[in-house]
Amino acid sequence: MQADVRQMLKLCHVDTHYGPIQILRDVNIDINMGEITCLLGGNASGKSTTLRTIMGMVKPTSGTIEFDGERIDGLSIQQLVKRGISMVPENRRIFGRMTVRENLEMGSFLRSDRSGIREDMDRVFGLFPRLKERVGQLGGTMSGGEQQMLAMARALMSRPSLLLMDEPSMGLSPLFVQQTFDIIQEISRQGTTIFVVEQNANMALSIADRGYVLQTGEIVLDDTAANLRENKMMRQAYLGET
Amino acid sequence: MGTERTKIITHIATARSWLAANSRWVLILTLILALIFPFSVKTYILSLGIEVLIFAIFAMSLDLLLGYTGLPSLGHAAFFGLGAYILAYVSSNSELALGLTDNLLITLPIVILGTALSAVILGFLALRTSGVFFLMITLAFAQMLFSIAIRWSSVTGGSDGMTGVPRPTLGIGTWHLSFTDRADFYYLVLAFFCITWFLLRYIVRSPFGLALRGIHANEQRMRGLGYNTFRYKFTAFIVSGVIAGIAGMLLSQYFWHAVPHNLFWNMSGQALIMVVVGGPGTLTGPVIGATLMRLLPNFASTYTELSETLMGLVLILFVLLAPGGIFGIFHKKR
Ligand SMILES: Nc1ncnc2c1ncn2[C@@H]1O[C@H](COP(=O)(O)OP(=O)(O)OP(=O)(O)O)[C@@H](O)[C@H]1O
Ligand SMILES: [Mg+2]
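In structure tokens:
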């Protein structure tokens, strides 16, 4: 089949605990360069924990994580961002009392040259023209969908090669969900590898190349998005069929 | 009653937009007034002016921590007093001191190095904590220096402090300036004030300053973006400590001595009040606060315990009713 598929991120037998409680159990995930990979699962299945583990916010108790062929478990968030991983957290988490421009500048701290920052900003404005019209507006006064865009734009300011996203569709109206997923596809087309966590399985599988399904901390399904869309268990549990 | 309230609100709104539209002219006018100040006032007023400027520098330095980074230091007097004592030790002609030189080109770098070093030490310890622990450890550090200054009198001069501190000079080779005269010293302090103002303005508007505000808003979130927040706070702490030290240096040169009171918690508290009442998170705010705090006691008929109590009340009122300080009332938020 495809011989030139390169692995970008690899989770190998990862266990993660919060204190004594085990959340992730022997999680194996492969994310190929240039693809959109999605992680599906119900509430409290450990989706956010998976992202937090990758991002070094919680250390795995066993197993390894590799990025571009090198181990990254144990590295700090700073080091991961420098290597090109960046994350759009759950619930957006923008800076409400700062302007759109300031929020974006926050994401670009790896560069100190103003012209470079301006360039990056123009690039994300290309993806999010709506933000360009609102550079002076306070983040907290924007609508939920706009805040989601701002959070994505901010994550892109560090020029990541791998973008992690935690439930970008959460709390958005159908129109904004559609727009958000269109933009995710566009970001992917521009060469960024994407790992997106979603509860909206229909939407996620419609744009993804590969999918994983997490249940109480274990990967129970792992296949191409096309196969998952056809999978019987998948259709019953997550795609709203009875 | 209701209409009065509306009227006041309208007036404030007018003042706000006028200030916003004319901020450049206000700045230039203030600078001109500051320059002709010594020619137009009595010695007593000139003295107050010098004090106000020195304390404004001190308060602005604290605001970098408190207002911009969200680090409420209760021990900022540590650096203020250290600046005073280091300068005194290097340049005083009392037998306790070295009496090396009064040349700023030598004394200023020593003060900067000394206060920076102590800020490195305190910052390294204190910035690992937060909240009430940060308050306590900064307070404890300043009080420790205070008691050293009192107890170790063979070096520090004890409760009398270190006297015989000369006003500074500035000289390279045969070129030589003296700031012994009060008016000359005023210009030196004004120069330090302006440099501090523009330096801090540059800092808070830079990406570094934006990061400090981000840490103030939500440090966890900044870490999530990949910021090494400790490094930012540490740098701000050192910059702030050095500027406070320079203010302390100027005060000891102005009053011809360094005294333990420069290190006392009361001094840290005054700086806090200046920032909170004037307007935290702005540069103008601490200047307004320093002006009020230094002038009010002089206009009250007698400075008593009562006026300190009043100050406390004023502080509580501002914290509750006007968290943006006086500057915040007249400065329109975006
Ligand atoms: N800091 C923490 N300490 C202890 N337990 C935690 C912590 N964070 C999450 N958990 C627990 O870990 C489990 C998985 O949480 P996680 O946030 O990963 O779920 P999720 O799949 O993202 O859920 P959701 O769809 O609701 O966002 C939950 O039972 C949660 O209560
Ligand atoms: Mg979650």
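For the protein sequence lines, the chains are A and B, in the order given.
Start counting the first sequence at 833; every next residue gets the next number (the working numbering).
Start counting the second sequence at 339; every next residue gets the next number (the working numbering).
Think of the CB as a built atom: it goes at the ideal place given N, C-alpha and C, for glycine as much as any other residue.
Since the model is a prediction, treat every value here as computed from it, not as a measurement.
The beta strand (DSSP E) enclosing residue i, as first and last residue numbers
| i | result |
| --- | --- |
| B:R289 | As shown, chain B starts at 339 and ends at 672. That puts residue 289 of chain B outside it, with no answer to give. |
| A:M997 | L994 to D998 |
| A:F1027 | T1025 to E1030 |
| A:S894 | S894 to F899 |
| A:D862 | I853 to N864 |
| B:L386 | That residue, B:L386, is in no beta strand (DSSP E); its alpha helix (DSSP H) goes T381 to D401. |
| A:T885 | Taken as a continuous stretch (DSSP letters only), A:T885 belongs to no beta strand (DSSP E), being part of the alpha helix (DSSP H) at K879 to I886. |
| A:V920 | I917 to V920 |
| B:W513 | W513 to S516 |
| A:E1050 | E1050 to T1056 |
Outcome for residue i when other beta-carbon atoms lying within 10 angstroms are tallied against a minimum of 16
| i | result |
| --- | --- |
| A:Y850 | exposed |
| B:L365 | exposed |
| B:T352 | exposed |
| B:E342 | exposed |
| B:L296 | Lying before the first or after the last residue shown, residue 296 of chain B is absent from chain B, which here runs from 339 to 672. |
| B:L412 | buried |
| B:A549 | buried |
| B:R543 | exposed |
| A:A985 | buried |
| A:S990 | buried |
| A:K1064 | exposed |
| B:S606 | buried |
| B:I395 | buried |
| B:Y406 | buried |
| B:R466 | exposed |
| B:F462 | exposed |
| B:A332 | Nothing about residue 332 of chain B can be read from this structure; chain B reaches only from 339 to 672. |
| B:G511 | exposed |
| B:F418 | buried |
| B:H414 | buried |
Whole-angstrom distance between residue j and residue i, CA atom to CA atom
| i | j | result |
| --- | --- | --- |
| A:Q1011 | A:Q854 | 36 Å |
| A:G916 | A:D900 | 10 Å |
| B:K345 | A:T1024 | 57 Å |
| B:P624 | B:K380 | 25 Å |
| A:I1039 | B:L658 | 51 Å |
| A:Q1022 | B:N360 | 46 Å |
| B:D498 | B:H595 | 9 Å |
| B:V449 | B:Y592 | 16 Å |
| A:T973 | A:D1014 | 24 Å |
| A:L1007 | B:V390 | 58 Å |
| B:L508 | A:T885 | 58 Å |
| B:N604 | A:L856 | 53 Å |
| A:S1005 | A:Q1047 | 26 Å |
| B:P447 | B:A585 | 14 Å |
| B:G663 | B:A628 | 12 Å |
| B:V614 | A:N875 | 44 Å |
| A:A987 | B:A478 | 41 Å |
| A:L982 | A:N935 | 8 Å |
| B:G408 | A:V956 | 30 Å |
| B:A426 | B:A435 | 7 Å |
| A:G928 | A:L970 | 6 Å |
| A:T931 | B:W490 | 52 Å |
| A:L841 | A:R903 | 10 Å |
| B:L537 | B:P618 | 17 Å |
Identity of the residue in the options nearest residue i by Cα
| i | options | result |
| --- | --- | --- |
| B:V503 | B:S491, B:R551, B:G437 and B:I459 | B:G437 |
| A:F1027 | A:E1018, A:I868, A:T1048 and A:F927 | A:I868 |
| B:Y565 | A:M919, A:D862 and A:E902 | A:M919 |
| A:G925 | B:G552, B:L588 and B:P376 | The displayed chain sequence assigns Arg, not Gly, to residue 925 of chain A. Among B:G552, B:L588 and B:P376, the Cα nearest to that of A:R925 belongs to B:G552. |
| B:G583 | B:R505, B:F536 and B:L601 | B:L601 |
| B:T647 | B:L563, B:I611 and B:W513 | B:I611 |
| A:D858 | A:D945, A:F957, A:C844 and A:G866 | A:C844 |
| B:L400 | B:P661, B:G579, B:F375 and B:H599 | B:G579 |
| A:E1030 | A:M930, A:E978, A:M840 and A:M1002 | A:M1002 |
| B:L589 | B:T620, B:R559 and B:F393 | B:F393 |
| A:P852 | A:F960, A:T882, A:T893 and A:V913 | A:T893 |
Test: residue i CB closer than 8 Å to a CB of chain D
| i | result |
| --- | --- |
| A:S1020 | The displayed structure is made up of protein chains A and B, and chain D is not among them. |
Endpoints, alpha helix (DSSP H) assigned at residue i
| i | result |
| --- | --- |
| A:D954 | R946 to L959 |
| A:R1042 | No alpha helix (DSSP H) holds A:R1042; the beta strand (DSSP E) holding it covers R1042 to Q1047. |
| A:E937 | V932 to M938 |
| B:L538 | R520 to R543 |
| A:F1064 | The residue you asked about is not Phe; residue 1064 of chain A is Lys in the sequence shown. That run of the alpha helix (DSSP H) goes K1064 to A1069. |
Handout entry: Heavy atoms of ligand 1 versus C-beta positions, residues under 5 Å
Key = Those residues having their beta-carbon less than 5 Å away from any non-hydrogen atom of ligand 1 are, in chain order, A:Y850, A:I855, A:N875, A:A876, A:S877, A:G878, A:K879, A:S880 and A:T881.
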